[in-house]
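Numbering (our numbering), first residue to last: 30 to 161.
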């Protein structure tokens, strides 16, 4: 991803507007099993949104497309009017937060859990992470 990441412009997430335009996705490219079929969605900046549906209907897949854990097969996902594929991957993921239905607390102390994403986090870093 580093070569791909290097060619992207230096956009940053500022407002938090999210738009799905005609998004279609399959887990296997040659499969007929479409998980998301021509999805249109607009989430205004500052909104708190819950995505509900039955098990296996694509909720986690949908949300995972915002930080590019998956890429769309058709259509586009925009954050602040910019296609997520045009963001620097680190900046995109730093600017997007999501809470999934099954959160995991790893064994160890709270500090160990806070350091999961940054093993060298200072006390100040952990305090800021806990408050966000």
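Virtual Cβ for every residue (Gly too), placed ideally from N, Cα, C. None of the values given here were measured: they were computed from a predicted structure.
- Beta-bridge partners of residue 103 (DSSP): 53.
- The beta carbon of residue 127 sits closer than 6 Å to those of 92, all from its chain and outside the five residues before and after it, given in chain order.
- Per DSSP, residue 123 lies in no beta strand (DSSP E); the unbroken alpha helix (DSSP H) holding it starts and ends at 118–124.
- Taking a cut-off of 8 Å on C-beta distances, the stretch 140–148 does not touch the stretch 112–125, as fewer than three cross pairs fall below it.
- Between residue 42 and residue 119 a beta carbon distance of about 11 Å is seen, past the 8 Å cut, so the two are scored as non-contacting.
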